[in-house]
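Colleague:
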Amino acid sequence: MTIAANNQPNSLAQTSPLNLSVVQAIMIVTVMAWIGASVLMDFIIMPGLYLSGMMSDPGFASAGDMIFSMFNRVELVAGAVVLSGTLLWRAITPQLPLSKAAIVLATILLAIPLIYTYGLTPQMSGLGIQLSLFESVVVPDTMDQLHYVYWSFEVLKLAASGVLLSWVWKQSQQTLA
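According to this note's numbering, the residues represented by the sequence shown are 441 to 617, in order.
(1) Which residue from Leu560, Leu491, Trp529 puts its Cα closest to that of Val463?
(2) Can you grab the Cα-Cα spacing for the pair Leu480 / Leu460, in whole Å?
(3) Suppose you measure from the CA of Gly519 to the CA of Tyr590; what does that come to, to the nearest Å?
(4) Report the rounded CA-to-CA distance for Thr582 versus Gly568, giving the unit in angstroms.
(5) Runs of 4 residues minimum, wholly inside the stretch 496-565: which ones carry the alpha helix (DSSP H) assignment?
(6) Determine the closest residue to Ser478 out of Lys610, Ser612, Leu598, with distance taken between C-alpha atoms.
(7) Would you report the Cα separation of Val471 and Gly488, rounded to the nearest angstrom?
(8) Contact between the stretch 510-526 and the stretch 535-550 is defined here as three or more beta-carbon pairs at a separation below 8 Å; is this criterion met?
(9) Thinking just about the alpha-carbon of each residue, which of Tyr588, Ala542, Tyr558, Tyr490 is nearest to the one in Glu515?
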């Protein structure tokens, strides 16, 4: 295998299968941990806080901002690991069918936490922060729209990570066979 620009051998393509299996394992563990953490946050922690009445507390916006800001940073790391693993896999084995679609999915998986971190979470926190101690807490209509955007991205993230995980899993089984 040669690189078209300078006809030099592609050293990544000549690496051992062990390196590919390490990349596959890292990607599988990262995606599974990411899916698990997202499901835990979305379906256990946040509903628990809602049912306990914490969301009606005036300080919830700042607490929610802290929780989601930290979680978004973890998601950014996971997205970067998944995209890096996908690009590395593609560089190691250009002949395998882990295609451009996998790179697109991995890019989407990195873009979603970027949108959360630098767009959605700060905007939601800004809407939820109560600036007057004497006024009652009122949730603006814009917050509902932002929640719809958040859940749409969550569905997209879970679907993309599920598809990517199934592709990586199938390829890892074929590589080991």
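The C-beta atom is built at its ideal place from N, Cα and C for all residues, glycine as well.
Modeller: According to the structure shown:
(1) Trp529
(2) 30 Å
(3) 17 Å
(4) 10 Å
(5) Qualifying alpha helix (DSSP H) stretches, in chain order: 500-532, 540-555.
(6) Considering only alpha carbons, the answer is Leu598.
(7) Cα-Cα distance, rounded: 24 Å.
(8) With the cut-off at 8 Å, the stretch 510-526 and the stretch 535-550 touch.
(9) Tyr558
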